[in-house]
Amino acid sequence: MPGTVLDGVAERLPAAVREALLAPLVDHHCHGVRRDDLDRDAFEIAMTEAGTPAPPGATHFDTPLGLAIRRWCAPVLGLPPHAAPDDYLARRAELGAAEANRRLLTAAGVAAFLVDTGLDDAGLLSAAEMAAACGAQARKIVRLERVEQRVVAGGPDAAAYADRLADELAAATADAVGIKSIAAYRHGLDLDPARPSRREVVAAAGRRLADPGGRLADPVLLRHLLWAGVDAVRERGLPLQFHCGFGDTDVVLHRADPALLTGFIRAVAPCGVPVVLLHCYPYHRQAAYLAAVYPHVYADVGLALTHTAAGSPAVLGELLELAPFHKQMYSSDCYGLAEACHLGALYHRRGLAAALAARIEAGEWSAADAARIARMIGSENARRVYRL
Amino acid sequence: MPGTVLDGVAERLPAAVREALLAPLVDHHCHGVRRDDLDRDAFEIAMTEAGTPAPPGATHFDTPLGLAIRRWCAPVLGLPPHAAPDDYLARRAELGAAEANRRLLTAAGVAAFLVDTGLDDAGLLSAAEMAAACGAQARKIVRLERVEQRVVAGGPDAAAYADRLADELAAATADAVGIKSIAAYRHGLDLDPARPSRREVVAAAGRRLADPGGRLADPVLLRHLLWAGVDAVRERGLPLQFHCGFGDTDVVLHRADPALLTGFIRAVAPCGVPVVLLHCYPYHRQAAYLAAVYPHVYADVGLALTHTAAGSPAVLGELLELAPFHKQMYSSDCYGLAEACHLGALYHRRGLAAALAARIEAGEWSAADAARIARMIGSENARRVYRL
Amino acid sequence: MPGTVLDGVAERLPAAVREALLAPLVDHHCHGVRRDDLDRDAFEIAMTEAGTPAPPGATHFDTPLGLAIRRWCAPVLGLPPHAAPDDYLARRAELGAAEANRRLLTAAGVAAFLVDTGLDDAGLLSAAEMAAACGAQARKIVRLERVEQRVVAGGPDAAAYADRLADELAAATADAVGIKSIAAYRHGLDLDPARPSRREVVAAAGRRLADPGGRLADPVLLRHLLWAGVDAVRERGLPLQFHCGFGDTDVVLHRADPALLTGFIRAVAPCGVPVVLLHCYPYHRQAAYLAAVYPHVYADVGLALTHTAAGSPAVLGELLELAPFHKQMYSSDCYGLAEACHLGALYHRRGLAAALAARIEAGEWSAADAARIARMIGSENARRVYRL
């Protein structure tokens, strides 16, 4: 399968660069894919960040991602490229979800998945199941807000909130390789970077515990959670991931600009905790700048490549403009659809292939450097930063 | 004339895609063009968003748009490509404005104009005259701020302001296909999305009516006007257009980022009123995101294509990255110069042609899908959304 | 040396365009380069905006700029392209800093340097030494914050602060061709555009003078300094440069968006002082918009081209989308490394060459216009605006 991933660009690349591009990836941020068969309605919901069906008379297949599924995933399931949506879904049902997942995850060519386990949905494959489906490794990323939700569900009093959270974070991160914040979804990244005082936390926890079913949106507690997460992992130097930029409708886009994290990035620098900026689109140039000037900051354009699909080489090209090569990583951010896992990897390889080919052809980079950079971004940086 | 529009890219496209690209467009946002002959000074003012002459020793012809007029409009008037500015204007004068307009509007290949009639300038062709000049249809878009100005000019007392506005909006929109807000020009899109209270409106109307010659810039009244507009058209489900992004010097660019409309977009969702984000440059990726996740949001890059001209394929390419194909539309936003009508259409076709050719050549999209998408963006989406 | 600058693109260009691109540039914003030999650690610090070494196991050579130095500067020092970092530095040491500087500055093909003399570092070549090293001219740009620091160091009382500043600015600008503000580094460009009152200035000066060793960060004094700078040069109409967009870690990126200067740009318009927006990345489209609609605003993407290196044609292409050709300028913003001077010029020429070739090949621009525009951007605009 990897043989077709570089169709149309492989012949522009020296063999060493092709090999580096096709080498197994570390997908440093993803979720589980669904274990059940999906009918058209369910599949359409799963393929969009909208969370809603397409408007009457329209279909989410009429998106860059929709055309990419028909183009690149159809052959993985044994259909010709550009299969019609209903034909694609009929074939997927015929194979069954397990086999479709196996084929698509395998085709992604991934050596290790770092799985955000914060989505409590038994319909999703666990990290271990993701790994088993395609012979990869899997490690866990702890979503901070999920841990906090568990603490709140336990019903502590406000004075015990911080200690209970610290305990839960210590336990949850014991076998993890990193932590993740979705503050961008709950408030925005325009948070005061300072660690809140104990008094502030107790007061805010009191309000929070009065409505234990609610979502964490209080900026004091979100700040506290970030610092509590840092405390839990700083000794081991595990990275802290931030959702940045586009995602579902919980996000207010301009408040998810990673540049808003500048104060926090400065404040956390002495802790030895790498900060990894996820997705970032359309603020990936801002993320690249932060990765360029702060030694502990890393960036990817996961999710963006999958959704921009045929247009993704330009997005990857913009990350390459300023981000040091030892600061970029690969992720699919797949969630629900194994197609997103395959396409994330495919467009990473194709986009990087196009960028490398152009630079080699222009005489800008040597083939040896191009191959080396492909391996750094594809897996080596993640192995180093997550201590895999 | 359409035969030359795709010069240099046509040969890369299957016949069905060429035909789809050359099919008549719906220009879903434009203004009238001037009926009078224009000398060089007047033409230069009309070709810029600056509103002022170029600095001493410089000319607005030394812009991407200026070179595009010389390249693409000169042949429409019977001159060779790249004609000098003075030769171009001499030829234009020789033909007369009516004939120049007829040629340029016809060359645009437009089936229907949706005309913002909010500019009260007898020197501009009316919607009907625009249509008559080139055998197209024309429909009316009501500019909300213009209706409000008429209400204020009528001198109601503050308590009657809201009712008078509702009456005027009902009357003005009776034969319209949509409404338009220029809140971005008067305040910025960073408005509280909530409908203001009656008490707030009466108080603000009192201040407004004390200075009836002034422009509407009060945020309470701008918010009220938006919701009054929604009330006027919600039963018929007509769209609400927003000026976003670049335009003349009334705009403060970063306050015209469509992401600032997120709260309003969420609030208006239950009303069944589509929200159409116009222009958007350089925030068109933000607009594409909004169109991707909110079922009632649409986007275009009108005006931006005309002004970026030879650089416009990159702009259109960025809209194509994330915006669903059933959410993109075509507009020229021409105003004053028939050249802008022609060039808007031309760069839409050329930019889309380049994007489609690249995707077909890379094996990403089938020719059939490419042709279908070209028709959706070029006219079908607008016909559906504006109920033409 | 200029013969190789256009390698790979020269053959796509008519001779007149090639000549225009290779003509000597005016580098309208740069700093001095270091006079001493640099070991690897010192060189690595000098090649980044981070101000810190690369993380353990990584090197700043693994950046777009690092690969560009190995590709393009190595041959200037007599090495093959893509020389290894240690080989490059060994050869540089062998030649000595003076000879390396001479070769690299000469290879830049610059007719005149406008040098920001605000960095008080005897290790940097002075403006005159920059000029002497390669047979160019050099003129001085006065950094406002440096003049203010001198005033504060003199220990005036608060009531005399403004007068002393005015005197110092008059003296400092007497032989200068422009002034420069780094308010973006000290506060952000989100400053109130109005000139502060004398009472406000005296009060703020009192606070400032209580800590004379501190950096100027008070927004009242930064605003006062801007207007004091304008007062000093308005009679001669000298330009005011603003650092915008990316730079070192003193900047908070989103607060360096040049769109935030809109209010100041409007306020200063009657003064006859051109406003020049430097760097601007990743907000260069915003800068292009401002240059398009305000007659006294100019823009460049200096520093960005050097650091984005192989990716720089896309950046330059975005500035070209909307900025009038009489409003764009060239700068390297080189500082410390002569390599940055050479690469800024090289990527300006290569990026512009690619943009011009694409436009000529698409039939968009004539060769004569392309050549004319290359000369405007490369030197003529700067000669006019800075009255050289």
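Protein chains in written order, with full-length UniProt numbering: chain A, 1 to 388; chain B, 1 to 388; chain C, 1 to 388. All C-beta atoms, glycine included, are put in the ideal place defined by N, C-alpha and C. Predicted model, so just to flag it, every value in this text is computed and none were measured.
Limits of the unbroken alpha helix (DSSP H) element including residue i
i          : result
His-82(B)  : No alpha helix (DSSP H) holds His-82(B); DSSP gives it neither H nor E.
Phe-264(C) : 262-268
Gln-286(B) : 284-293
Leu-21(B)  : 15-22
Element boundaries [beta strand (DSSP E), containing residue i]
i          : result
Cys-244(B) : 240-244
Ala-228(A) : Per DSSP, Ala-228(A) belongs to no beta strand (DSSP E); it is in the alpha helix (DSSP H), 219-233.
Asp-27(A)  : 25-30
His-279(C) : 275-279
Residue environment, residue i, which counts as buried when at least 16 other CB atoms sit within 10 Å
i              : result
Asp-211(C)     : exposed
Glu-380(A)     : buried
Pro-313(A)     : buried
residue 392(C) : Limits of chain C in this structure are 1 at one end and 388 at the other, which puts residue 392(C) out of reach.
Arg-387(C)     : exposed
Gly-57(B)      : exposed
Glu-145(B)     : buried
Glu-235(A)     : exposed
Ala-176(C)     : buried
Gly-245(B)     : buried
Asp-7(C)       : exposed
Nearest-angstrom Cα separation, counted from residue j out to residue i
i          : j          : result
Pro-2(A)   : Arg-102(A) : Confidence in Pro-2(A) is poor, its pLDDT being 48 and thus under 50, which makes the residue's placement too unreliable to answer from.
Ala-74(C)  : Val-142(C) : 33 Å
Gly-282(C) : Glu-99(C)  : Checking the sequence, you will find Pro at residue 282(C) rather than Gly. When rounded, the distance between both Cα atoms is 35 Å.
Arg-208(C) : Asp-218(C) : 8 Å
Ser-332(C) : Gly-344(C) : 5 Å
Arg-350(C) : Gly-32(A)  : 45 Å
Pro-53(C)  : Asp-248(C) : 13 Å
Asp-300(B) : Leu-278(B) : 5 Å
Arg-266(B) : His-296(B) : 10 Å
Gly-135(A) : Ala-108(A) : 11 Å
Ala-174(A) : Val-147(A) : 13 Å
Gln-149(C) : Asp-121(C) : 15 Å
Leu-191(B) : Leu-261(B) : 8 Å
Ile-373(A) : Gly-66(C)  : 13 Å
Asp-36(B)  : Gly-123(B) : 7 Å
Ala-131(C) : Ala-138(C) : 5 Å
Ala-128(B) : Arg-199(B) : 41 Å
Gly-118(C) : Ala-310(C) : 30 Å
Ala-203(C) : Leu-216(C) : 14 Å
Asp-163(B) : Ala-184(B) : 25 Å
Met-376(A) : Cys-280(A) : 20 Å
Thr-59(C)  : Glu-49(C)  : 13 Å
Glu-11(A)  : Leu-25(A)  : 21 Å
Phe-61(A)  : Leu-303(A) : 17 Å
So, do the stretch 355-368 of chain B and the stretch 86-93 of chain A have three or more beta carbon pairs nearer to each other than 8 Å?
-> no
Between the stretch 286-300 of chain B and the stretch 315-325 of chain B, are three or more C-beta pairs nearer than 8 Å?
-> yes
Mind listing which residues of the stretch 325-336 of chain C have their C-beta closer than 7 Å to chain B's C-betas, in chain order?
-> Phe-325, His-326
Residues within the stretch 240-265 of chain C neighbouring chain A, beta-carbon criterion of under 8 Å = Hits within the stretch, in order: Phe-246, Asp-248, Thr-249, Val-252, Leu-253, His-254.
Would you check if the stretch 322-336 of chain C and the stretch 365-383 of chain C touch, i.e. whether three or more CB-CB distances between them fall below 8 Å?
-> Contact holds: three or more Cβ-Cβ distances are below 8 Å.
Using Cβ-Cβ distances below 9 Å, what residues of the stretch 109-132 of chain B are close to chain C?
-> Within the stretch 109-132 of chain B, no residue has a Cβ lying closer than 9 Å to any Cβ of chain C.
Just by C-beta distance, which residues in the stretch 347-381 of chain A are closer than 7 Å to chain C?
-> Near chain C, meaning a CB-to-CB distance below 7 Å, the residues of the stretch 347-381 of chain A are Arg-359, Ala-362, Gly-363, Glu-364, Trp-365, Ser-366, Asp-369.
Inter-stretch contact at 8 Å, needing at least 3 Cβ pairs: the stretch 102-117 of chain C / the stretch 6-19 of chain C | no
If you pair each beta-carbon of the stretch 77-89 of chain A with each one of the stretch 33-42 of chain A, do three or more pairs fall below 8 Å?
-> Counting Cβ pairs under 8 Å, three or more are found: they touch.
Quick one: which residues of the stretch 169-187 of chain A get their C-beta closer than 7 Å to a C-beta of chain B? List them in chain order.
-> none
Contact set between the stretch 281-295 of chain C and chain B, restricted to residues whose Cβ is under 8 Å from the partner = Here the close residues are Arg-285, Gln-286, Tyr-289, Leu-290, Ala-292, Val-293, Tyr-294, Pro-295.
Can you list, in chain order, the residues of the stretch 203-225 of chain A whose Cβ is nearer than 7 Å to any Cβ on chain B?
-> none
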